[in-house]
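Right, one structure below, let's go through it.
What follows is the structure, encoded as structure tokens:
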């Protein structure tokens, strides 16, 4: 089940776990008998996005478990675009917990990882002790409007998610840049720059910062090497299944998430004001569908668990300690 693997971040244990028809790469830190915490990354990230939280969790008596999700890093990349629905991803996670013989875990999610964490709690609350989700609120399913239609209506074709829908379009535009440049462009996203002007690709619209304070050159190169190995198509297929996920979620229309949850509201998050996040969270709509909810705010941008690692980690530790 688990083949040991060494890399430059040698303090972490690395496993390859067979789950749900794929081989999943998992990084771990902490005592194997300690309470387990499953950490789920987003786009365009890897398990390494949680390096700070993993170290702190292990130091505070937890077992930190951070997989590369399907299509990312050293986890398998299925060729079929339809193999990236939320049911595939959550099936991978349940299989991972089964293989590691973990009946229940704490969960932390960010970006796509937050989206999957919400649905893991919705589908299998028996497997989750408590959740800390970062930046991406839980939004009830619209009964009549598909996500991409809604994005096109509100934000147009220049919106990055809309541009990601056509197979090959984003890949071709990304290929004009070195992978580290693509990553730096996304890692530096701000509130107002995820819709490109007419006739421009989003990757050309995003600016490349000279440097990022919260990621070292060695860490950036690790991300780039792993993503370059299999390209961006697997990760982009998550976006290309948004409408399919909407169709599949019809049986859960109106369902509530009952798992105890802390939501970390990121004050400079993409969509905080523009896309209704402020109304969803601050206005109380999320509390209606996630009744066991605490909300805290952290000032920063999208990749907050790396940018403000100490503050985010403190929120995670304080919440999980209250749920033991």
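In my numbering, the protein residues as written are 130 to 453. Heads up, the beta-carbon is just placed ideally off N, CA and C, and yes, glycines get one too.
Residue i versus residue j: straight-line alpha-carbon distance, rounded
| i | j | result |
| --- | --- | --- |
| residue 288 | residue 160 | 44 Å |
| residue 315 | residue 384 | 33 Å |
| residue 322 | residue 352 | 23 Å |
| residue 196 | residue 143 | 9 Å |
| residue 432 | residue 267 | 18 Å |
| residue 290 | residue 277 | 8 Å |
| residue 206 | residue 426 | 35 Å |
| residue 253 | residue 302 | 38 Å |
| residue 421 | residue 233 | 18 Å |
| residue 294 | residue 361 | 13 Å |
| residue 341 | residue 380 | 43 Å |
Three-way DSSP call (helix, strand, coil) for residue i in this model
| i | result |
| --- | --- |
| residue 167 | strand |
| residue 293 | coil |
| residue 410 | helix |
| residue 130 | Reliability fails at residue 130, whose pLDDT of 46 lies under 50, so the model's placement of it is uncertain and no value is given. |
| residue 359 | helix |
| residue 262 | strand |
| residue 303 | helix |
| residue 142 | strand |
| residue 391 | strand |
| residue 199 | coil |
| residue 235 | strand |
| residue 423 | strand |
| residue 192 | strand |
| residue 396 | coil |
| residue 257 | strand |
| residue 135 | Annotation note: pLDDT 44 at residue 135 (below 50); position unreliable, coordinate value reported separately. Looking at residue 135 - three-state DSSP - the assignment turns out to be coil, as it is neither helix nor strand. |
| residue 415 | helix |
| residue 273 | coil |
Rounded Cβ spacing between residue i and residue j (contact assumed at less than 8 Å)
| i | j | result |
| --- | --- | --- |
| residue 442 | residue 185 | 4 Å |
| residue 120 | residue 394 | Only positions 130 to 453 of the chain appear in the structure, and residue 120 is not among them; the question remains open. |
| residue 171 | residue 239 | 5 Å |
| residue 223 | residue 256 | 7 Å |
| residue 176 | residue 202 | 7 Å |
Any non-hydrogen atom of the ligand ADP within 6 Å of residue i CB
| i | result |
| --- | --- |
| residue 273 | With respect to the ligand ADP, the structure offers nothing, as it holds no ligand at all. |
Outcome for residue i when other beta-carbon atoms lying within 10 angstroms are tallied against a minimum of 16
| i | result |
| --- | --- |
| residue 453 | exposed |
| residue 283 | exposed |
| residue 242 | buried |
| residue 119 | Beyond the ends of the chain as shown, which are 130 and 453, falls residue 119; an answer cannot be given. |
| residue 382 | exposed |
| residue 274 | exposed |
| residue 188 | exposed |
| residue 285 | exposed |
| residue 358 | exposed |
| residue 435 | buried |
| residue 387 | exposed |
First through last residue of the alpha helix (DSSP H) which encompasses residue i
| i | result |
| --- | --- |
| residue 374 | 371–377 |
| residue 248 | 241–252 |
| residue 279 | 276–284 |
| residue 182 | 180–188 |
| residue 333 | 331–334 |
| residue 309 | 308–316 |
| residue 456 | With the chain running from 130 to 453 in the structure shown, residue 456 is simply not present. |
| residue 452 | Looking at the DSSP string, residue 452 is not in any alpha helix (DSSP H), and its letter there is neither H nor E. |
| residue 217 | 215–228 |
Min CB distance residue i to chain C below 7 Å
| i | result |
| --- | --- |
| residue 370 | The displayed structure is made up of one protein chain only, and chain C is not part of it. |
Run of the beta strand (DSSP E) containing residue i, from where it starts to where it stops
| i | result |
| --- | --- |
| residue 386 | Looking at the DSSP string, residue 386 is not in any beta strand (DSSP E), and its letter there is neither H nor E. |
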